[in-house]
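When the letters of the sequence shown are read in order and numbered with mature numbering (1 follows the signal peptide of the UniProt record, and there is no 0), they come out as residues -25 to -1, 1 to 126.
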Amino acid sequence: MLKKKLLTLSLGLLLCGMLPGVAGAAPHFKNNKELAAYFWNQIFNEHHPEVIDQLTDDHYIQHNPGFNDGKQAFKDGITGFLKEFPESTAEIKHMGADGDLVFIHNHIKLNAQDRGQAAVDIFRIKKGKIVEHWDVIQDIPEKTENNNTMF
């Protein structure tokens, strides 16, 4: 009986460690790229904007002119976007890091039929929190002058 209780407790603790968002504890990351990739996929591909509460600094600085500064303004904007575009995705194509900056080159699509946009998002990360964000976004044209993709 004691073995069964210990096994159940051990499995429960293991599962809590595997599901940091569900367990309520902030996940641990090996580096800033790993943190940014997790953050990105949770928000834009899994549609879990609540990760903003865990991984964004209260004094978040936003350089996108369509958003206000601050964690709550960011969360409100993203939540509204995800409600308006419930089929949206943002596939990471390339990532890089330089000191406290992480760069994500991504393909944003509002739905499966959308050609989408090519974007580069830059996050500054300090002490395990996203503290600042920049982005540049370009529509993917129907016709191009070359045979190269934007990715």
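The beta carbon of each residue, even a glycine, is placed where N, CA and C say it ideally should be.
{"Query": "Whether residue 31 touches residue 95 by CB criterion (9 Å)", "Result": "no"}
{"Query": "Best match in 35, 69, 55 for proximity to residue 63 [C-alpha to C-alpha]", "Result": "55"}
{"Query": "Where residue 118 falls: helix, strand or coil (DSSP)", "Result": "coil"}
{"Query": "Span of the beta strand (DSSP E), counted from its first residue to its last, around residue 66", "Result": "64 to 73"}
{"Query": "Among 99, 93, 38, the one whose alpha carbon lies nearest that of residue 114", "Result": "93"}
{"Query": "Cβ neighbour criterion (16 or more within 10 Å) applied to residue 88", "Result": "exposed"}
{"Query": "Selected residue, minimal CA-CA separation from residue 70, among 2, 12, 3, 123", "Result": "12"}
{"Query": "Where the alpha helix (DSSP H) containing residue 51 begins and where it ends", "Result": "46 to 59"}
{"Query": "Distance between residue 110 and residue 49 (C-alpha atoms, nearest Å)", "Result": "14 Å"}
{"Query": "For residue 119 and residue -4, the rounded distance between their alpha carbons", "Result": "For residue -4, the pLDDT reaches just 44, beneath the cut-off of 50, and the residue's location in the model is therefore unreliable, leaving the point undetermined."}
{"Query": "Under 9 Å between C-beta atoms of residue 7 and residue 126", "Result": "no"}
{"Query": "Cβ-Cβ separation, residue 10 to residue 103 (assumed contact under 8 Å), whole Å", "Result": "7 Å"}
{"Query": "Whole-angstrom distance between residue 39 and residue 29, CA atom to CA atom", "Result": "21 Å"}
{"Query": "Contact set for residue 24: own chain, Cβ-Cβ below 7 Å, skip 5 residues either direction", "Result": "18, 50, 53, 54, 57"}
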